[in-house]
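Numbering (my numbering), first residue to last: 18 to 125.
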């Protein structure tokens with residue numbers, strides 16, 4: 018399945034306890050149909066001191082963004098700044114992402 022959301026896009030969470038929060042997509046995990054979004058689904062992990070490859074990882078509590086399912090976010094249109102559905106325009110040789118609300122081209 019091809020994603021209509023890419024790394025660097027701004028998305029808004031549409032369901033769950035963090036509904037309404039906007040953030041930038043840091044990573045896309047296509048096999049799992051998940052995204053890592055900055056500031057969303059922040060988890061804490063208790064890290065033990067570990068030595069690997071000559072480096073020492075510091076112990077303590079680490080905060081990181083856990084992946085969110087693709088169906089729980091919507092792309093934010095840069096023109097109308099609303100969460101919108103995305104269409105594909107294939108009239109030219111290349112396919113471009115288009116906002117279904119205001120027909121603005123999302124790809125530059």
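Backbone N, C-alpha and C define an ideal beta-carbon position, used for all residues, glycine too.
These numbers were taken from a predicted model, which means no experiment stands behind them.
- Secondary structure within the segment 68 to 101: the beta strand (DSSP E) runs of 3 or more consecutive residues, fully enclosed, are 72 to 74, 77 to 82, 90 to 93 (chain order).
- Annotated as proximal: residue 40 and residue 55, with beta-carbon spacing under 8 Å.
- At the C-beta level, residue 118 and residue 30 stay beyond 8 Å of one another.
- Looking at the backbone, the Cα of residue 65 and that of residue 86 are separated by about 29 Å.
- In the DSSP secondary-structure assignment, residue 29 is bridged to 39, 91.
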